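**Student:** Residues in the sequence shown are numbered consecutively from -11, following the working numbering.
Each residue gets a CB set at the ideal place from its N, CA and C atoms; glycine is no exception.
Nothing here was measured: the structure is a model prediction, and the numbers come from that model.
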Amino acid sequence: MTTVTTDSLNVDLLSFAAAGNALGIRFALHYGADLHATDGRHQTAVQLAEQNGHTRLAQWLLDMRAPRTV
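Given below as C-alpha cells:
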C-alpha cells in the first residue's frame, strides 16, 4: 500500500501549476494539498503558473484564494 503525504501532494500541486494542469490541481487539492504550499524557492502555485504562461490558470487559482506570494 502506498501512503500519500501532504508534502507529496503539495509537490504535485506545484508541478501541476507549472505545467498548466488544472485537472491535476483539482486532484491534488481534493486529496489534501495545501493551496498555500510553496516550493524550495518559496514560489506559490500562482507564481509558477504565471512564470510558465498559464495566466488563466493563475487567475483561477487566485479566484480560489490561492496566494500570489507568501
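Just the Cα atoms here: how many angstroms apart are residue 13 and residue 24?
**Tutor:** On the sequence shown, residue 13 is found 25 positions in, with the first residue counted as 1. On the sequence shown, residue 24 is found 36 positions in, with the first residue counted as 1. Taking the straight line from one Cα to the other gives about 13 Å.
**Student:** Alpha carbon to alpha carbon, how far is residue 34 from residue 47? Give it in angstroms, no decimals.
**Tutor:** For the purposes of this step, residue 47 is taken as the residue at position 59 of the sequence shown. For the purposes of this step, residue 34 is taken as the residue at position 46 of the sequence shown. Between residue 47 and residue 34, the C-alpha separation is close to 8 Å.
**Student:** Among 31, -6 and 8, which residue has its Cα nearest to the Cα of residue 16?
**Tutor:** As a working note, residue 16 is residue 28 in the sequence shown. Per the Cα distances, -6.
**Student:** Expressed to the nearest angstrom, what Euclidean distance is found between the alpha-carbon atoms of residue 32 and residue -11?
**Tutor:** Residue mapping note: residue 32 aligns to position 44 of the sequence shown, counting from 1. Residue mapping note: residue -11 aligns to position 1 of the sequence shown, counting from 1. About 30 Å.
**Student:** Please classify residue 32: does DSSP put it in a helix, a strand, or coil?
**Tutor:** The count along the sequence shown starts at 1 and reaches residue 32 at position 44. Residue 32: strand per DSSP, three-state reduction.
**Student:** Going residue by residue through the region -7 to 47, where are the continuous alpha helix (DSSP H) segments of at least 4 residues, counting only ones entirely within it?
**Tutor:** As far as the region -7 to 47 is concerned, its whole alpha helix (DSSP H) runs of at least 4 residues are -6 to 7, 10 to 18 and 33 to 39.
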